[in-house]
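Residue numbers (our numbering): 76 to 442.
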């Protein structure tokens, strides 16, 4: 183990030689040393400086940014498949159309994690295990990315297609590898499509191996004490094992947007071309009621694309309505092919006190 003096010497040598790779490596070792001394605030501040300094590099540089090469990422033993993907978050909270209750909840989560050391000095812990649930396309994944961006942390996407293995016992082993990895340094770990391993242990169609995986995940989640913020996201919260709900510090329900949120999504995504004078956007927003944020965004971007190709500026009523009709047909087709009962906020599992454990019950969708 290098002493602090040796690490500082290595930093100066790398800087004087103009060796950015050696400088970054020495800086990361210094961060690890400060974290070992429980100087978490200083360690995190230096990591933020490293992150900001690499903001203009390609996303692949994120690996060197956090001191992890591709070969060091956790892999499935039998197939050699990488179990996680490290991403540099781009989306910001300001770029999203959020319901007020969701915005407040996310702001609180971010504030707690920014001031985690202060909370710990009082014997308190920040919210570190979050569940995002709600219909597809309502912003769960991009909200996780925005939280990571606000915390100046890399976003680590856990790949469930790689974690779930056909080999007996290997799925639980893969989960252990992922938890060991996210414990090594601060990051935001997104367990997307969480229902893939979170299904109820009583589900008749599930075999014994998957039930054992759920038990393993419960134990790992309970025992997790790292600095990483864990976010699990699911479109099918009704499939989750009831024991999972009380393991999370916060549960946020992302519902479909109301007409006002729809109007805001349309305006934000069409502002580069503008709208023809006289377009009744309020009426169109009501007509798109029931669509997800992603559906509404697609309407806007399709209208922009059509107008650009036709060299029509600004976007006219005919183009916008045609885009809306096309997306409605697409949504109808998709719903007919994948129709399943959708769990509402009022149907979510309750806490021991009998209250629904979500942020303000279902309201508007995240953007």
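For glycine and all other residues, C-beta sits at the position ideal for the given N, C-alpha and C. Quick caveat: nothing in here was measured; it's all calculated off a predicted structure.
Same chain, Cβ closer than 6 Å to residue i, five either side skipped, listed in chain order
i: residue 220; result: 164, 166, 230
i: residue 157; result: 148, 150
Rounded straight-line distance, which links the Cα of residue j to that of residue i
i: residue 296; j: residue 394; result: 49 Å
i: residue 82; j: residue 104; result: 7 Å
i: residue 205; j: residue 381; result: 39 Å
i: residue 294; j: residue 232; result: 21 Å
i: residue 106; j: residue 86; result: 12 Å
i: residue 246; j: residue 390; result: 50 Å
i: residue 363; j: residue 182; result: 29 Å
i: residue 304; j: residue 351; result: 44 Å
i: residue 114; j: residue 314; result: 41 Å
i: residue 78; j: residue 101; result: 12 Å
i: residue 399; j: residue 339; result: 15 Å
i: residue 130; j: residue 188; result: Unreliable positioning characterises residue 130 in this predicted model, as indicated by a pLDDT of 46, which lies under 50. The coordinate reading is nonetheless provided below. Distance between the alpha carbons of residue 130 and residue 188: 21 Å.
i: residue 392; j: residue 357; result: 13 Å
i: residue 302; j: residue 124; result: 18 Å
i: residue 379; j: residue 396; result: 12 Å
i: residue 249; j: residue 405; result: 37 Å
Cutoff 8 Å; reference residue i; Cβ partners in own chain excluding five residues on either side
i: residue 383; result: 348
i: residue 253; result: 149, 158, 159, 233, 238, 264
i: residue 178; result: 168
i: residue 291; result: 247, 250, 251
Whole-number beta carbon distance between residue j and residue i, since they are thought to touch under 8 Å
i: residue 193; j: residue 225; result: Rounded, the Cβ-Cβ distance is 17 Å, inconsistent with contact.
i: residue 375; j: residue 345; result: 5 Å
i: residue 269; j: residue 309; result: 4 Å
i: residue 261; j: residue 122; result: 7 Å
i: residue 341; j: residue 371; result: 6 Å
i: residue 117; j: residue 109; result: 5 Å
i: residue 377; j: residue 402; result: 7 Å
i: residue 172; j: residue 336; result: 5 Å
Close Cβ partners of residue i (< 7 Å) along its chain, the five nearest in sequence each way excluded
i: residue 90; result: 98
i: residue 318; result: 293
i: residue 334; result: 360, 361, 364
i: residue 242; result: 153
Opposing strand residues paired with residue i [DSSP bridges]
i: residue 256; result: BP columns for residue 256 are empty, so no partner.
i: residue 160; result: 232
Query raised in the report: Taking only runs of the alpha helix (DSSP H) that begin and end inside the region 315-369, which ones reach a length of at least 4 residues, in chain order?
Result: When DSSP assignments are scanned along the region 315-369, the uninterrupted stretches of alpha helix (DSSP H) that are 4 or more residues long and fall wholly within it turn out to be 317-320, 334-345, 356-362.
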